[in-house]
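Enquirer:
Numbering (my numbering), first residue to last: 110 to 204.
1) Which two residues bound the contiguous beta strand (DSSP E) that contains residue 136?
2) Could you please give the first and the last residue of the uninterrupted alpha helix (DSSP H) stretch that includes residue 201?
3) Can you check DSSP and say which residues form a bridge with residue 155?
4) I'd like the list of long-range same chain contacts for residue 175, defined as Cβ closer than 6 angstroms, with 5 residues on each side in sequence excluded.
5) Return the bridge partner residues of residue 190 from the DSSP annotation.
6) Only counting the same chain, and skipping five residues up and downstream in sequence, which positions put a Cβ closer than 8 angstroms to that of residue 155?
7) Are the CB atoms of residue 172 and residue 127 within a distance shorter than 8 angstroms?
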């Protein structure tokens, strides 16, 4: 069963649905948005249009682990799985 929110056309998916090839966006409690990017074959980080410097950013060994850590360590974090990079970037640019 998936819950659909009409306003944003969002379906709930499991953390297990995320792969390293997935298009993943994070919305932080501040309202800022990031996409989870590949830094190297075993490092993934969040990249925001407001802060593109990866120095000092924490990384995780998979996109799934990055999302899991973000949700567990910070209150108010929301993660979204997109069908394409274009959809992800369009979401990031929306206010």
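Each residue gets a CB set at the ideal place from its N, CA and C atoms; glycine is no exception.
Expert: Taking the structure as given:
1) By one-based count along the chain shown, residue 136 stands at place 27. From DSSP, the beta strand (DSSP E) with residue 136 extends over 132-136.
2) Residue numbering aside, residue 201 sits at position 92 when the chain shown is read from its first letter. Taken as a continuous stretch (DSSP letters only), the alpha helix (DSSP H) holding residue 201 covers 194-202.
3) One-based indexing of the chain shown puts residue 155 at position 46. Residue 155 pairs with 145.
4) Locating residue 175 in the chain shown gives position 66, where the first residue counts as 1. Excluding sequence neighbours, residue 175 sits near 145, 153, 169.
5) For the purposes of this step, residue 190 is identified with residue 81 of the chain shown, where counting begins at 1. DSSP output for residue 190 lists 133 as bridge partner(s).
6) The residue you call residue 155 lines up with position 46 of the chain shown. 135, 143, 144, 145, 146, 166, 175, 179.
7) Within the chain shown, numbered from 1, the residue matching residue 127 stands at position 18. Within the chain shown, numbered from 1, the residue matching residue 172 stands at position 63. A contact, by the Cβ cut-off of 8 angstroms.
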